[in-house]
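The block underneath contains the structure these notes are about, expressed in structure tokens.
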Amino acid sequence: MRKLFRYTGITALMAMVLCGLCSMAWAEYEVTNITTSVPTGLAPQQGPAEDLEVSWDEVSIPAGTGTLLGYVYIWNNSSSPLDDTQLNQGTNEGTVGPGLNPPFLTKPKGDFSGDDFDDVWYLHIKTDYFSFTEGPKLSTDVVVGPFNFDNVAPTGTVALDTTVPGQTATSSSVNPVTLSLSATGDTDVVYLGNSSTFALATEYDFANTLTFDVGDETGTKIIYAWFEDQAGNVSAPVTLTFDLIAGKTMSPAGAVTIEVGATQTFTILGAEDGETFTWAIIEPNPADVASFIGESSGVTTVQVSGDKEGTFKVQATSSLPGADVYTSGTITVQQTTLSKVFDLITTATTNTNTIGFIFENTGMTTAHELGTAVGNCTQVAKWNAATQSYLSHRMQFPTLNNFTLNVGEAYFVTITEAHQFTLTGKAPASHSQSLVTTATTNTNAIGVPYSKRSIATAHELGTDIGNCSQVSKWNAPTQSYLSHRMQFPTLNNFAVEWGQGYFITVTQAVDWPW
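Just so you know, we're using my numbering here: the sequence shown kicks off at 7 and counts up by one.
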């Protein structure tokens, strides 16, 4: 059982602030060398077995300068030093006379009997003396503490985790069972047992989810749980009663989402001795969305690879008479980590190419970083929609016009030789691209995201965005612009490719959701 180590050494936290009425000459009259009968600190500890005692060295007033009258003190829950209106000869919780050496005070242990882990105490002490030149005086406040006593056991709950296949709130067909636990914030340890005898329970570091073996036999089961806090207080047991039933389930049974290229393990829980299963991928969309890795027949567990975006289910047929069938939930394969390859070219004239910056987590945040990643790059430019003009960053001047990259915008890179550049990142979970109008023209440079990959033409792109009068592109082979006016659906209706950058002219401000 975990208990806080019992200390015999004493520590004290002293906050000493000179008040405005006290001169530096009298600072030595503050109490010093404070000793406490229990440790100080924010870590919770069980309350003292005896009354709490605090002592200090007797303050010495030089002969002929003044007289020691004693000490005044207050207990409270603040570490802030008290001024002379908050703690003085008339406003205090107690006094200690001048005749004690060493002077000390006590606080009854019963004062802490109801304290929990978040009840923190501080002792404030001032020296009370008479100055032959200034009259009645007080030293500045010396703060002792914190004292954190915890005499209250934590509380908690235990239940079956109903998100686990084969478990409901009152039954489980799997063993060990998965438990869902909750407890007050200072809980450090939980003890779990199959009987009410605490000594037979097993100790676990507290967690919101734990597994526990309730034995092989089916029937009614009772789990006992005791919760222990950092100070060693242990709760009365709470219980969970449920039925352990015979049965088989597929795990995972519910809906699951995996990445393209990732694998998912499926298994039959509760399989009988010698029982195996024949596995199949059913309801695939598209047909090659997933495949098995390794054996899929005569086994209780399989691994499935997500090969393409889409959905499917997994089905297992038992080898036992009756050939029971078990089916998973819908498995969704998604592509959030993506790559886009850009074929960057040079021409007999200029060598500018368009890149749609459509991913998050690319490792690039500035124009210079993009140019460096592209390689063989002399310039990175952007269309500034607010000013309706270009802003260019020359790579030989790393800090000049080194603008910030924004997801959804298109950028223009000038290169010295043809090559491929691969942009890798994650598709944003949600994104809305803002297109603006200005007092002059209303053109915006955007990238087409992966989520819009079904858009095939300029006219479809303008229609999808809305309030669009023109869609244009930078034609790298000719190093010139090509424009499609939306009022002429078939004229210059060029092909659109996801990842590429395009110019969109709008008639009013638009937010284009991805």
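Glycine is no exception: its CB is placed at the ideal position from the N, C-alpha and C atoms.
Indicate the three-state DSSP secondary structure (helix, strand or coil) for L129 in the structure shown. strand
Give the DSSP bridge partners of Q51, in chain order. F155
Below 8 Å on the Cβ atoms is my guess for V60 versus L129; work out the distance and round it to an integer in Å. 6 Å
I'd like to check one pair, T469 with M492: are the Cβ atoms closer than 9 Å? yes
Work out the CA separation of L344 and Q394 for me, nearest whole Å. 31 Å
Are the Cβ atoms of V380 and I361 separated by less than 9 Å? yes
Once you ignore the five residues that flank S478 on each side, which residues in its own chain have a CB closer than 6 Å to its CB? Y487, S489 and F509
Short check: CB of T323 to CB of A286, under 9 Å? yes
Quick check: what's the CA-CA separation for E281 versus A213? So the alpha carbons of these two residues sit roughly 34 Å apart.
Can you give me the C-alpha to C-alpha distance between C474 and T511, rounded to a whole angstrom? For C474 and T511, the distance between alpha carbons rounds to 6 Å.
Whether W520 touches K458 by CB criterion (9 Å): yes
Using the beta-carbon count (16 or more within 10 Å), is D192 buried or exposed? Of the residues assessed, D192 falls on the buried side of the cut-off, its CB having 16 or more other CB atoms within 10 angstroms.
If you drop the 5 nearest sequence neighbours on each side, which residues of the same chain put their C-beta closer than 7 Å to that of G369? none
So for A373, helix, strand or coil by DSSP? helix
Taking the alpha-carbon positions, what's the G120 to V37 distance? 30 Å
How far does the alpha helix (DSSP H) with L467 in it extend, from its first residue to its last? A464 to I471
Just mark L429 as buried or exposed, buried being the case when its beta carbon has 16 or more other beta carbons within 10 Å. buried
Extent of the continuous beta strand (DSSP E) to which L497 belongs: Per DSSP, L497 lies in no beta strand (DSSP E) and is assigned neither H nor E.
Determine the contact status of G507 and A387, defining contact as a CB-CB distance below 9 Å. no
Nearest-angstrom beta carbon gap, D235 and P50 [assumed within contact, 8 Å]: 7 Å
Closest residue to S440 among T422, I471, I421 and Y456 (Cα-Cα distance): I471
Just how far apart, CA to CA, sit V339 and D517? 28 Å
Taking 8 Å as the cut-off, is the beta-carbon of T430 closer than that to any non-hydrogen atom of the ligand FAD? With respect to the ligand FAD, the structure shown offers nothing to examine, as it has no ligands at all.
Assuming F539 and A433 make a contact with CB atoms under 8 Å, what is their CB distance in whole Å? Because the chain spans 7 through 520 in this model, residue 539 falls outside it and cannot be assessed.
Does the region 292 to 308 come close enough to the region 256 to 276 that 3 or more CB-CB pairs lie under 8 Å? yes
Could you give the distance in angstroms between the alpha-carbon of F318 and the alpha-carbon of S311? In a straight line, the C-alpha of F318 is about 11 Å away from that of S311.
Which parts of the region 407 to 449 are runs of the beta strand (DSSP E), unbroken and 3 residues or longer, counting only runs that do not cross its ends? 416 to 421, 425 to 432 and 438 to 441
Contact check, V148 vs I40, beta carbons under 9 Å: Note that the C-beta distance between V148 and I40 is below 9 Å.
For the 8 Å Cβ check, are there 3 or more pairs between the region 92 to 108 and the region 151 to 160? no
Is it true that the CB of Y79 sits closer than 9 Å to the CB of T101? The answer is yes: Cβ separation under 9 Å.
So, P243 versus S202, is the Cβ gap smaller than 9 Å? Yes. Within cutoff.
Kindly list the residues whose CB is nearer than 6 Å to the CB of I228, restricted to its own chain and excluding five residues on each side of it in sequence; keep chain order. T245 and T247
Mind checking which residues open and close the beta strand (DSSP E) that includes E289? F283 to N291
Roughly how many whole angstroms lie between the Cα atoms of T378 and Q341? 27 Å
In chain order, what residues of the same chain have a beta carbon less than 7 Å from the beta carbon of W504, not counting five sequence neighbours either side? Taking C-beta separations shorter than 7 Å and ignoring five residues to either side along the sequence, the partners of W504 in its chain run V454, P455, Y456, K458 and R459, following chain order.
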